[in-house]
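Q: Protein sequence lines, in the order shown, are assigned to chains H and B.
To convert, note that position 80 of the first sequence is 80 in this note's numbering; the numbers rise steadily by one, no gaps.
Offset between the second sequence (1-based) and this note's numbering: plus 1000.
Idealized CB from N, CA, C, for every residue including glycine.
Being a predicted model, the structure only gives us computed values, none of them experimental.
Pasting in a structure now, in C-alpha cells, and then I'll have a few things to ask.
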Amino acid sequence: MTLESIAGLYNYWVVIFLMMTGFYIVLARKNLIKSVIGLNIFQTSVFLLYITMGKVDHGTAPIVPPAIAAEQAHAAHGTTEAGHAAVGHAALEHAETAQGLAHDVAHNLADDAISHGSELAHASTEIIYSNPLPSVLMLTAIVVGIATTALALALVVRIREDYGTVDEERILELDRGE
Amino acid sequence: MIDAIYAHLPILLIVLPLVAAPCCVLVGNGRAAYLLALVVSFLTFACSIVLLGEALDHDVIRYELGNWSPPYGIEYRVDIFSGFVMAFVSGIGAIVLVYAPLSVRDEIPASKHYLFYATYLLCMTGLLGMCVTGDLFNVFVFLEISSLSSYALISLGRTRRAPLAAFQYLILGSIGATFILIGIGLLYQMTGTLNMADIAARVPHEHGPRTVLVAFAFLTVGLCVKMAVFPLHTWLPNAYTYAPSVVTCFIAATATKVSVYAFVRIIFGIITPGFAFDVLPLDTELMLFSLVGIFIASTAAIYQDNVKRLLAYSSVAQIGYMLLGISMATPTGLSGGIVHMFNHALIKGGLFMVAGCFALRLGSVQLSDWKGAGRTMPFTALAWAIGGLALIGVPLTAGFISKWLLLTSAFETGRWPIAVLMLLSSLLAVVYVWRVVETLFFSEPSEAAANATEAPLRMLVPTYVLIGATLLFGVWTPYSAGIARQAAIALLGGTP
C-alpha cells in the first residue's frame, strides 16, 4: 500500500478512528452518560461511512440543475397544451368520432412529450451526480440514533433518581449492598 | 372491498399496530387503550394467518410498497418461512395481551398503562416488520423499532434495577444494531442494492473482495448480540428478570426468535450456505458456541434462585439448539431449528406466564417464596410441570419434536458426539425444571403460599392455551414441523 493510497482513503481512516474511539468509550467507561456519548460517536462513524460510499468522483449534488429542469418542464407543458387544443378542435369538427380521435391525438402528443423529455434527460446525464441513496438512508439512521440517545438519557435520569449516581461501579456496589 | 383489503394484507399487518399505537396514546386511558390493542392484535393475527395460508397454497406473496417496483422500491415478501414466524409472533402477541390486564395492573403504575399498550403495539410492529420485509435496510429500521420499544417496556419493571437492565440492554443492543447497519452498508457498497433477493443475485461469493467477508462478519456478530448467543448473551438475564411479567412473556417468546429468523434469512438468502459453511467455517463455529452456550447457560440456570432468571438462562441455552439446527444445514436439521423457534416460543411464553401468575398471587418470583404453592395453586403449578416437561423434551410434548429432528439430523450427518451432548444437556434441563417442581409440590408451604388462592381465570386460560398448544403440537405436527420442513426445503432449494 503506497502512501498515496493511504492518504487517498483518508475518509475511511476518519471513519475507523471514530468507530474505534466510540466503541472503546462504550466498553471502557463506567459513567453511564459517557457510555451514551461513546455510543453516539460510534453511530456517527457509520453515518460517515455511508456518506463516503455515496460520493462519486467528480460528482455533483444529485439535484437536476434548475436550467435543465425548467426546460424540461416547459417542453412537457407546451406539448400537453397543444394536445388539449387539438383535442378541443377535433371534438368540435367531428362530433361523432370525437372520442376516439381525441384519444389518439392526446396519446400521440403525450408520447411526443415523453420522448422529448427523455432526450433532455439524456442530455443531462452527462453531468455526474453523487449517489443520493446512502445519504437518505442516513437520515433514517440519524432519527434512530436520536431516538436511542433520548431513550438512553431518559433511562439515565431514572437510574439517577433511584440510585443517586450515574457511575456504574457505584450502582453495582449499591445493589450488592442491598 | 374485500379484494382490496386482501391485496393489501402484507402492509396492513404493519400499518394496523403502527397506527393503533399513537391512537392508544391519544386515547390516554388505560382501559380503552387495552381494548384497542387487544382488537388490533387479534386482527393482526388474523392477517398473518390468512397470509400464511396464502403462502402455503400458492407461492411467495410479493407486495410493492407505493407501487414502486423492486429493486427501486421496498418490497414486502411473505413466503412459508416468514409467514410461519409472523403467524406465531402475532399469535403469541395476542394471547399475551389477553393475559395482560391483571398482571399489568399489579406491576405497572396506572398512569402509564396506556403508554404501555402503545409501546407493546410498537414492539409488535417492529417484530412483524422484520419478518415481512424483503429490503435489508428496512430490516434494520424495524429491528430498531422493536428494540427501542422493548428497552422502554423493560424499564417499566417495579424494581430500580429495571431501568438499569434496560440501559445495559440498550447499550449492547445498539452496538449490535450498529454492527448490522455497517454490514448492510458494506453489502450495499458491493452490490448497489438493498433488496435482499437482488443482493443475493449480485453479491460475489467465492474469490470475492474482502468487503463481502467483513460485511458478513458484522452482520453475524450484530445478529448474535440480538439473538443472545453465548457469549454475547449478557444483556438477557437481567432484562428478562427485571422486566414486568407481561413484557417478559412477550419478549422472551418472540424477540430473540425474530432475530434468529433474520439470521437464517441472511445466511440462506444472501450469504448462501455454500459460502458460509463450506468456504467459511461458520457451521463449526456456530456449533461450538451453541454447545458451549447450552451447557454453561443450563448449568447457570440450575443455580438460580429467581425463577425468571432461571428461565432467562434456559432461553440462552435454547437459542443454542436453534443455531445447532441451522448450522447443520440439512433439511431435517434446519426444519428442527425452525420448528424449535415455534415450540420454544410456546413453551417459554407459557412458562413465563406461569411465573407471572405466581408473581401476582405470591408477590415474588424467588424460588424460596414459591414453597408449597402447588397445594394452594394446583392448576398454575400443573402448568409449570407440563411446560417444564416440554422444555426438557419429553415425548408427547412439542419440545420432543424439535429435539427429535435435531437428533435425527445429527445422526444423518454423522455427528454423533453432538447427539450425545444434546441428550446430556437435556439432563441439565431436567435438573432445573425439577428444582422448581420439587419446591412447588414437595415443600412445606411458605406463609405466602399457604394463604394464596388459585390464579384468576383471565390469566390461567391464556396460560393453558399456550401450555395446551405445547401438548397439541407434540402429537399433531403438520402445522408445526410440517410447515417448518417446507420452509427449510424452500430455503435450501436456492442452493445446489
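(1) For glutamate 93 of chain H, which residues of its own chain have a beta-carbon under 7 Å away from its beta-carbon, when the five flanking residues on both sides are left out?
(2) So the candidates are B:Leu1324, B:Leu1288, B:Phe1216 and B:Met1227; which of them puts its Cα closest to the Cα of alanine 1276 of chain B?
(3) Taking 7 Å as the CB-CB limit, is leucine 1122 of chain B close to chain H?
(4) When you compare each of B:Glu1438, B:Leu1406 and B:Arg1485 to leucine 1423 of chain B by their alpha carbons, which one comes out closest?
(5) Please list, in chain order, the chain D residues whose beta carbon lies closer than 8 Å to that of threonine 148 of chain H.
(6) Name the chain B residues that come within less than 9 Å of isoleucine 51 of chain H, Cβ to Cβ?
(7) Using a C-beta to C-beta distance shorter than 8 Å, which residues of chain H count as neighbours of leucine 1136 of chain B?
(8) Establish whether the CB of leucine 1151 of chain B and some CB of chain H are separated by less than 7 Å.
(9) From which residue to which residue does the alpha helix (DSSP H) around glutamate 1285 of chain B run?
(10) Leaving out five residues on either side along the sequence, give the residues of the same chain with a beta carbon under 8 Å from the beta carbon of valine 1060 of chain B.
(11) Helix, strand or coil: how does DSSP classify tyrosine 1063 of chain B here?
(12) Can you tell me the Cα-Cα spacing of phenylalanine 1342 of chain B and alanine 1094 of chain B, whole angstroms?
(13) Where do the ends of the alpha helix (DSSP H) carrying glutamate 1412 of chain B lie?
(14) According to DSSP, which residues form a beta bridge with threonine 1133 of chain B?
(15) Which same chain residues, not among the five before or five after alanine 1055 of chain B, have their C-beta less than 7 Å away from its C-beta?
(16) Leaving out the 5 sequence neighbours to the left and right, which residues in its chain are closer than 6 Å to threonine 52 of chain H when beta-carbon positions are compared?
(17) Within the 7 Å Cβ cut-off, does leucine 101 of chain H reach chain B?
(18) Determine whether the Cβ of alanine 152 of chain H lies closer than 7 Å to any Cβ atom of chain B.
(19) Whose Cβ in chain H lies nearer than 7 Å to the Cβ of leucine 1164 of chain B?
(20) For a quick check, are the C-beta atoms of proline 1529 of chain B and valine 1085 of chain B less than 7 Å apart?
(21) Can a CB atom of chain B be found closer than 7 Å to the CB of valine 144 of chain H?
(22) Below 7 Å between beta carbons: does that hold for leucine 1167 of chain B and leucine 155 of chain H?
(23) Assign asparagine 40 of chain H to one of two classes, buried (16 or more other C-beta atoms within 10 Å of its C-beta) or exposed (fewer than that).
(24) Going by DSSP, what residues sit across from aspartate 167 of chain H in a beta bridge?
(25) By DSSP's criteria, threonine 60 of chain H is part of a beta bridge. Which residues make up the other side?
(26) How would you call lysine 1371 of chain B, buried or exposed, if buried means at least 16 neighbouring beta carbons within 10 angstroms?
(27) Anything in chain B within Cβ reach of tyrosine 129 of chain H, meaning under 8 Å, just list it in chain order.
(28) Kindly indicate which three-state DSSP category asparagine 1343 of chain B falls into: helix, strand or coil?
(29) Tell me which residues share the same chain as isoleucine 1171 of chain B and place their Cβ nearer than 6 Å to its Cβ, disregarding the 5 neighbours each side in the sequence.
(30) Where DSSP assigns a beta bridge to asparagine 1511 of chain B, which residues make up the other side?
(31) What does tyrosine 163 of chain H touch in chain B if you count any residue whose Cβ is under 7 Å from its own?
(32) Starting from asparagine 1029 of chain B, follow its DSSP beta bridges and name the residues at the other end.
(33) Whole angstroms are fine: how far does the CA of tyrosine 1117 of chain B sit from the CA of phenylalanine 1289 of chain B?
(34) What number of angstroms, rounded off, separates the C-alpha of threonine 1111 of chain B from the C-alpha of tyrosine 1303 of chain B?
(35) I'd like to know whether the C-beta atoms of methionine 1353 of chain B and histidine 1340 of chain B end up nearer to each other than 7 Å.
(36) How about alanine 1228 of chain B and isoleucine 1319 of chain B: are their beta carbons less than 7 Å apart?
A: So, to answer that:
(1) Confidence in glutamate 93 of chain H is poor, its pLDDT being 45 and thus under 50, which makes the residue's placement unreliable; the coordinate value appears in the next sentence. For glutamate 93 of chain H, where only same-chain residues beyond five positions count, there are no Cβ hits under 7 Å.
(2) B:Phe1216
(3) no
(4) B:Leu1406
(5) No chain D appears in the structure shown, which is made up of the protein chains H and B.
(6) Under the 9 Å cutoff, chain B gives no residues; its nearest Cβ is about 10 Å from isoleucine 51 of chain H.
(7) The contacting residues do not exist; leucine 1136 of chain B stays about 10 Å from chain H at best.
(8) It should be pointed out that residue 1151 of chain B corresponds to tyrosine in this sequence rather than to leucine. Chain H, which has a Cβ nearer than 7 Å to the Cβ of tyrosine 1151 of chain B, makes this yes.
(9) 1282-1302
(10) Arg1077, Val1078 and Asp1079
(11) strand
(12) 15 Å
(13) 1398-1412
(14) B:Tyr1076
(15) Ile1061, Val1078, Asp1079, Ile1080 and Gly1083
(16) Asn11
(17) Because leucine 101 of chain H sits at a pLDDT of 43, beneath the cut-off of 50, its placement in the model cannot be relied upon, and the following sentence gives the value as read from the coordinates. So, not an interface residue.
(18) yes
(19) Ile159 and Ile171
(20) Residue 1529 of chain B cannot be examined here, being either before or after the span of chain B that is shown, 1001 to 1496.
(21) yes
(22) Note on identity: in this sequence residue 1167 of chain B is phenylalanine, with leucine being the wrong assignment. Cβ atoms of phenylalanine 1167 of chain B and leucine 155 of chain H: closer than 7 Å.
(23) buried
(24) H:Asn31
(25) H:Tyr129
(26) buried
(27) The contacting residues do not exist; tyrosine 129 of chain H stays about 14 Å from chain B at best.
(28) helix
(29) none
(30) Look at the range of chain B in this structure, 1001 to 1496, and you will see that residue 1511 of chain B is not part of it.
(31) Arg1160
(32) Answer is none; asparagine 1029 of chain B lacks a bridge partner.
(33) 36 Å
(34) First, the residue type needs correcting, since residue 1111 of chain B is serine and not threonine in the sequence shown. Rounded to the nearest angstrom, the two C-alpha atoms are 37 Å apart.
(35) no
(36) yes
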